[in-house]
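Student:
Numbering (this note's numbering), first residue to last: 163 to 538.
1. Mapping the DSSP letters down to three states, classify residue 342 as helix, strand or coil.
2. Residue 513 and residue 540 - do their beta-carbons sit closer together than 7 Å?
3. Quick one: grab the DSSP three-state call for residue 253.
4. By the 10 Å Cβ neighbour count, where 16 or more other Cβ atoms means buried, how is residue 207 classified, buried or exposed?
5. Excluding the 5 residues flanking residue 433 on each side, which residues of the same chain have their C-beta closer than 7 Å to its C-beta?
6. Give the secondary structure of residue 289 by DSSP, where H, G and I count as helix, E and B as strand, and everything else as coil.
7. Give me the Cβ distance between residue 532 and residue 285, rounded to the nearest whole Å; I'm assuming they're in contact under 8 Å.
8. Smallest Cα separation from residue 423: which of 398, 409 and 483?
9. Is residue 331 buried or exposed, if buried means 16 or more other CB atoms sit within 10 Å of its CB?
10. Enumerated in chain order, which unbroken segments of the alpha helix (DSSP H) with a length of 4 residues or greater are wholly contained in the region 346-394?
11. Does the count of Cβ pairs from the region 221-234 and the region 246-253 closer than 8 Å reach three?
12. Decide yes or no for the touch test of the region 360-370 against the region 325-343: beta carbon pairs closer than 8 Å, at least 3 of them.
13. Does any CB atom of chain B fall closer than 7 Å to the CB of residue 394?
14. To which residues of the same chain is residue 468 closer than 6 Å at the C-beta, ignoring the five residues directly before and after it?
15. Go ahead and pull the three-state DSSP assignment for residue 211.
16. Buried or exposed: residue 317, going by 16 or more other Cβ atoms within 10 Å of its Cβ?
17. Mind the definition here: the region 343-355 touches the region 383-399 only if three or more C-beta pairs lie below 8 Å; say whether that holds.
18. Please classify residue 266 as buried or exposed, where buried requires at least 16 other C-beta atoms within 10 Å of its C-beta.
19. Measuring only the C-alpha atoms, how far is residue 312 from residue 202?
20. Between which two residues does the alpha helix (DSSP H) containing residue 429 stretch?
21. Going by alpha carbons, who is nearest to residue 319 out of 509, 239, 522 and 338?
22. Once DSSP output is grouped into helix, strand and coil, what is the label at residue 234?
23. Alpha carbon to alpha carbon, how far is residue 190 from residue 385? Give it in angstroms, no decimals.
24. Is residue 501 helix, strand or coil by DSSP?
25. If residue 304 sits next to residue 290, beta carbons under 8 Å apart, how far is it from one beta carbon to the other, in whole angstroms?
26. Rounded to whole angstroms, what's the CA-CA distance from residue 275 to residue 315? Just pull it up for me.
27. May I ask you to list the residues that DSSP assigns as paired with residue 412?
28. Once you ignore the five residues that flank residue 186 on each side, which residues in its own chain have a CB closer than 7 Å to its CB?
29. Which residues bound the beta strand (DSSP E) around residue 472?
30. Leaving aside the five residues before and after residue 420 along the sequence, list all residues of the same chain whose C-beta is less than 7 Å from its C-beta, in chain order.
Given below as C-alpha cells:
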C-alpha cells in the first residue's frame, strides 16, 4: 500500500487506477450530497437571489457536473433544518418546489421513490434525487405526519440536527439525554412507512437509543469516526458497530470534522473509511460527502462566504465543534466532478479490491435503500 504522500499525489494527478472505476461505471450514491453550483453564492445579490429562489442553486453547469461525476443518486437535504420559518409549512413547500424542479429537468433528473429509480437513473445517465430531511422538527407533536411526508416522496428523515428537538438531543447537546417518548413514536412511524431513518448529527445516546428501538436497519448518512478524530459530529465505535449489527450503513463525509486544527484532506477521508471498514465491515460503509460536485472557482471569495456562514451558525446556536472560520467545509484536493473517481483511485492504490470500492461508492447504500423502501 502507498503512504499518505504517495496517495495524495495519486489523487492530484489522476493516477493509474482512475480508469478502473470509470471503466466499471458502478452505481454511485452520495448518501448526503447535492447538485447545486456553489459558485452562485459568490455572485451579485440580485443575480443569485433569482437563481437560488427559482432553481435551488442549480444551473446548467451544476447539472453537467452531476452527470460527469458519475453520481447515480444523491440524498438532497430539503425542508426545515433551522431558522424562524414554520417547520411543517416550509417542508411541504420545499417538496413542491423540488418536484417542480425535477419535472422541469426531467431529461437529466429523476425523483427517487425506490431503488429501481436509482437503477433507472444510472442506466439513463441521469441523476436521481432522493428527498431527505436533516431535522424531524416538522413533525410538531404529531407522529402521523410521517405518513404525509412519505406520501409526498420524502425517503430519508434524520431525527435531529445539532441541537435538541422534540425527538431527542443532537450532537452538540451536552446533556446527551437520548431519544424522547415522542422520538420513539416517530421512529415507529418511520419504520412502519418504510422511510430510511438517519442518525447523523444525533447525540450519542439518541443514536444508541434509536438503534436499539428500530425494527429496521438505520443509516448514518454523513459522519466520521470519533476514534480517529474526537469531535461530537463523528460517531463512536460503539455506535458504528451497533449500526452494522442492525444491518445499517454509515456514510463518511468530505468535511472538516475529519481533522482537528487544520484543513481536512483526502488522506483523512481514507483514514476514516478504513477505520469504519475495520469496525463495521465492508458491507456497512459508504459515502455521504455533505457537499456538491461543482468545484469552487474563487477560493478566496468562498472562504469569505464560509467565514460569514460560520459566524451566522454560531449566532443561531446550531454550529458544531470543529467548524471554524478558516477551514472550508470540503476536501480541497478532491473537490469537483472527479471527487468520487479520485477517492476510488486512492482506495485502489491502497490495495482495496474493486468489489469493495464499488460497495463503498454506492452498493451498500443501494442495498439498504432497497431493503427499507421495499419494506423487506
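We put the CB at the ideal spot given by N, CA and C, even for glycine.
Tutor: Quick look at the numbers:
1. coil
2. Nothing about residue 540 can be reported from this structure: the residues present for the chain run from 163 to 538 only.
3. helix
4. At residue 207, the pLDDT of 49 sits below 50, so the modelled position is not reliable and the matter cannot be decided from this model.
5. 390
6. strand
7. No, residue 532 and residue 285 are not in contact; Cβ-Cβ is about 16 Å, not under 8 Å.
8. 483
9. buried
10. 366-375
11. no
12. yes
13. The chain labelled as chain B is not found in the depicted structure, where only one protein chain is given.
14. 490
15. Low confidence applies here, because residue 211 scores a pLDDT of 41, under 50, leaving its location unreliable; read the following figure in that light. Three-state DSSP puts residue 211 in a helix.
16. buried
17. no
18. exposed
19. 31 Å
20. 428-442
21. 239
22. strand
23. 18 Å
24. helix
25. Incorrect: roughly 30 Å between the Cβ atoms, too far for contact.
26. 6 Å
27. 382 and 447
28. 516 and 520
29. That residue, residue 472, is in no beta strand (DSSP E); its alpha helix (DSSP H) goes 461-478.
30. 386, 391, 426, 430, 431 and 434
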